[in-house]
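Numbering (this note's numbering), first residue to last: 41 to 197.
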């Protein structure tokens, strides 16, 4: 950093480059992402999501129950997928399709393993807003997927 010649002789000089101008990769943010101020005029949906995220943050037991429910829905998705595939449906996920071609064992191992890693990661990062939002998104997604599969199974019968 250059010091201008007009500065007073007793002014402090910078000892190194200006750190504010550097672009650095920050792996984890130190803030949890929750705004302590209450904002007026928010939609009812965003208020409901915010309340759920605050509940997950403040009550670890509720977060643990939610993660267990996500894992149960994942296993139910696997079982429903196996039964629907036996009735002649096709798997839309190309990776799971390849694993189901190898057999139900590798597919179940991969699915349960990925969900176990995701659960461990979400539990480890539970003080961060994005991890809690991902938990709610997984719960919603698996709930919708299982509902879709049950409706499809009823249609095939």
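We treat Cβ as the ideally placed atom computed from N, Cα and C, and that holds for glycine.
Bear in mind the structure is a predicted one, so any value in this text is a computation, not a measurement.
Item                                                                                                        : Value
Validate contact between the segment 109–124 and the segment 169–186 using beta carbons, cut 8 Å, 3 pairs   : yes
Environment of residue 98 [buried if 16+ CB atoms lie within 10 Å]                                          : exposed
Rounded straight-line distance, which links the Cα of residue 82 to that of residue 130                     : 42 Å
N-terminal and C-terminal residue of the alpha helix (DSSP H) that residue 167 is part of                   : Taken as a continuous stretch (DSSP letters only), residue 167 belongs to no alpha helix (DSSP H), as it is neither H nor E.
Cα-Cα separation, residue 147 to residue 120                                                                : 13 Å
Uninterrupted alpha helix (DSSP H) stretches inside the segment 88–127 (no shorter than 4 residues)         : 100–126
Under 7 Å between C-beta atoms of residue 93 and residue 172                                                : yes
Status (buried if at least 16 other CB within 10 Å, exposed otherwise) for residue 127                      : exposed
Collapsed DSSP secondary structure at residue 190 in the structure displayed                                : helix
Alpha helix (DSSP H) runs contained entirely in the segment 136–184, provided each spans 4 or more residues : 144–164
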